[in-house]
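Novice:
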Amino acid sequence: MSRMKKVISLMTIGVLTLSLTTGCKKSTDSRKVLNVYNVGDYIDEELISKFEKETGIDVLYETYDTNEMMYQKVKSGSTNYDLVFPSDYMVEKMKSENLIQKIDFNNIPNIKYIDKSFLNPIYDETNEYSVPYMWGTFGILYNKKMIKEPVDSWDILWNPKYKGNIMMFDSVRDTMAIGLKKLGYSINTTNPKEINEAKEVLMKQKDLVMAYVNDEGKDRLLGEEVAMGIIYSGDAVTLMDQNPNLDYAIPKEGTNKWVDAMCIPKTAQNKKESEMFINFLLDPENAKVNAEYIGYSIPNTGALKLLDKEITSNPVAYPSKELLDKCETFVDLGSDIKVYDRAWIELKSK
């Protein structure tokens, strides 16, 4: 999955990346160097400068587009990143392949600010290999001028009157999850019959879809070129701020509740410094600044108390417990992902 976190600020982080990194490096003097590998535009760069000033540690910051890109680089062993930011299912995969190491939480006292509901997650049940960073959902972003009826179910994506006005994710797990949830199945099912049923129901929808997109779909939604599309909640907040005609819905059948986490690769050369940086990011004031910059939801109870109530009461960013209880977190499917891949190829090729 690729989550480009803000619509307008990729250039800023690109400049930061060029100025701070040319890949993993070692310090040329007595200063320690922390090699951080994160999704594009997924941190307030001013926090990096603040950490460097407070600790005397240089941060070399490099970015990637997808979990899979990060995974391949770490797995290759050709780099020595000290800190990476995988999504939930990728944490599980990297843990099972011995690519990440246990974290010493004695060095992270600010873990006390992480909401207990985010501890011991399904992808890291012993809570030893990861620290929650940001979280959110995906749902339907729609234009209220074009759609007058309630948007409360995935079923609206199959309504023929919106033919050519629907955009879907160009993502196997996300889009298959929509089909599975519509049918009342788990987004983590490995039952070939259920996966095939989801493929078939998506096949019936295909003629209504304008395009399967990722980040490029946001501009079309913002520019009112299309009535509705699938989007991540943080992007929805940003787009709704820019266009008041847009609104976001989590369907009543439920969706994916994703969590991005901080992990220390097995090959990290600066484990203690990584833990210092994690602890720094968990400081409530720093977490607040980061959340305001990124626009996604945070699991940090201390920071939530500092955020404007307009943010924390926004149901797009912080949905009701009733809706969240219907959501699921993706898990690593191992070799069973091949069943999804086959279904996806069939869907896209017909």
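If you want our numbering, it's the 1-based position in the sequence shown plus 603. Ideal placement from N, C-alpha and C gives every residue a C-beta, glycine not left out. Model, not experiment: these values are computed from the prediction.
So, with DSSP's three-state summary, where would you put Val-942?
Specialist: Val-942: helix per DSSP, three-state reduction.
Novice: Give the single residue among Glu-913, Ile-706, Asp-850, Asn-701 whose Cα lies nearest to the Cα of Lys-874.
Specialist: For the residues Glu-913, Ile-706, Asp-850, Asn-701, the minimum Cα distance to Lys-874 belongs to Ile-706.
Novice: Three or more C-beta pairs closer than 8 Å, one from the stretch 848-860 and one from the stretch 733-747: is that the case here?
Specialist: Because the criterion of three Cβ pairs below 8 Å is met, the stretch 848-860 and the stretch 733-747 touch.
Novice: Which residues in the same chain have their Cβ closer than 7 Å to the Cβ of Lys-891, if we skip the five residues on either side of it in sequence?
Specialist: Excluding sequence neighbours, Lys-891 sits near Ala-906, Leu-909, Leu-910.
Novice: If you draw a straight line from the C-alpha of Asn-889 to the C-alpha of Thr-858, how long is it?
Specialist: So the alpha carbons of these two residues sit roughly 29 Å apart.
Novice: Which of helix, strand or coil does DSSP assign to Lys-705?
Specialist: Three-state result, Lys-705: coil.
Novice: Using a Cβ-Cβ cut-off of 6 Å (strictly less than) and excluding sequence neighbours within five positions of Trp-947, which residues of its own chain qualify?
Specialist: Val-775.
Novice: Could you tell me which residues DSSP pairs with Asn-638 in its beta bridges?
Specialist: Looking at the DSSP assignment, Asn-638 forms a beta bridge with Leu-663.
Novice: Under 8 Å between the Cβ atoms of Thr-932 and Val-862?
Specialist: In contact: Thr-932 and Val-862 (Cβ atoms closer than 8 Å).
Novice: Using only CA atoms, which one of Glu-895, Phe-708, Glu-731, Val-642 lies nearest to Asn-701?
Specialist: Residue Glu-731 is the option with its Cα nearest to Asn-701.
Novice: What's the C-alpha gap between Asn-768 and Leu-760?
Specialist: Roughly 9 Å separates the two Cα atoms.
Novice: Buried or exposed, going by whether 16 or more other CB atoms sit within 10 Å of the CB of Ser-690?
Specialist: Buried, because 16 or more other Cβ atoms sit within 10 Å of the Cβ of Ser-690.
Novice: Indicate the three-state DSSP secondary structure (helix, strand or coil) for Glu-731 in the structure shown.
Specialist: Residue state, collapsed to three classes: coil.
Novice: Helix, strand or coil, according to DSSP, for Pro-868 in the structure here?
Specialist: In the structure shown, Pro-868 sits in a strand (DSSP, three-state: E or B).
Novice: Can at least three beta-carbon pairs, one atom from the stretch 665-679 and one from the stretch 632-649, be found at a separation below 8 Å?
Specialist: Yes: the two stretches touch, three or more of their Cβ pairs being nearer than 8 Å.
Novice: Can you tell me where the alpha helix (DSSP H) holding Asp-685 begins and where it ends?
Specialist: Taken as a continuous stretch (DSSP letters only), Asp-685 belongs to no alpha helix (DSSP H), as it is neither H nor E.
Novice: Between which residues of its own chain and Tyr-921 is the CB-CB distance below 7 Å, once the five residues before and five after are set aside?
Specialist: Correct list, in chain order: Ser-900, Thr-915.
Novice: For Glu-930, which option in Leu-783, Tyr-716, Asp-668 has the closest C-alpha, if you only look at C-alpha atoms?
Specialist: The question names Glu, but residue 930 in the sequence shown is Cys. Cα-wise, what sits closest to Cys-930 is Leu-783.
Novice: Under a three-way DSSP split, which group does Leu-849 fall into?
Specialist: In this structure, Leu-849 counts as strand in the three-state DSSP scheme.
Novice: What first and last residue would you give for the alpha helix (DSSP H) that runs through Gly-905?
Specialist: 904-909 is the extent of the alpha helix (DSSP H) around Gly-905.
Novice: Any contact of the stretch 933-943 with the stretch 746-753, i.e. 3+ C-beta pairs under 8 Å?
Specialist: Counting Cβ pairs under 8 Å, fewer than three are found: no touch.
Novice: I need the boundaries of the beta strand (DSSP E) containing Gly-832, first residue and last residue.
Specialist: 831-835 is the extent of the beta strand (DSSP E) around Gly-832.
Novice: Helix, strand or coil for Ala-894 per DSSP?
Specialist: Note: Ala-894 maps to helix in three-state DSSP.
Novice: Going by the DSSP bridge assignment, what does Ser-690 pair with across the sheet?
Specialist: Per DSSP, Asp-863.
Novice: Which residues mark the beginning and the end of the beta strand (DSSP E) in which Tyr-815 is found?
Specialist: That run of the beta strand (DSSP E) goes 812-816.
Novice: Do three or more CB pairs link the stretch 705-722 to the stretch 875-888 at distances below 8 Å?
Specialist: As far as the Cβ criterion goes, the stretch 705-722 touches the stretch 875-888, which means the pair count is three or higher.
Novice: Quick one: what does DSSP say Asn-882 is sitting in, helix, strand or coil?
Specialist: Reduced to three states, the DSSP call for Asn-882 is helix.
Novice: How is Ser-679 classed by DSSP in three states: helix, strand or coil?
Specialist: Here Ser-679 sits in helix by DSSP.
Novice: Locate the beta strand (DSSP E) running through Phe-772, then write down its first and last residues.
Specialist: Note, Phe-772: beta strand (DSSP E), 769-772.
Novice: Looking at the strands, I want to know which residues DSSP matches up with Ile-743.
Specialist: According to DSSP, which records beta bridges pairwise, Ile-743 is partnered with Ile-833, Ala-852.
Novice: Apply the 10 Å Cβ neighbour rule to Ser-836 and answer buried if 16 or more other Cβ atoms are within range, or exposed otherwise.
Specialist: Ser-836 comes out buried.
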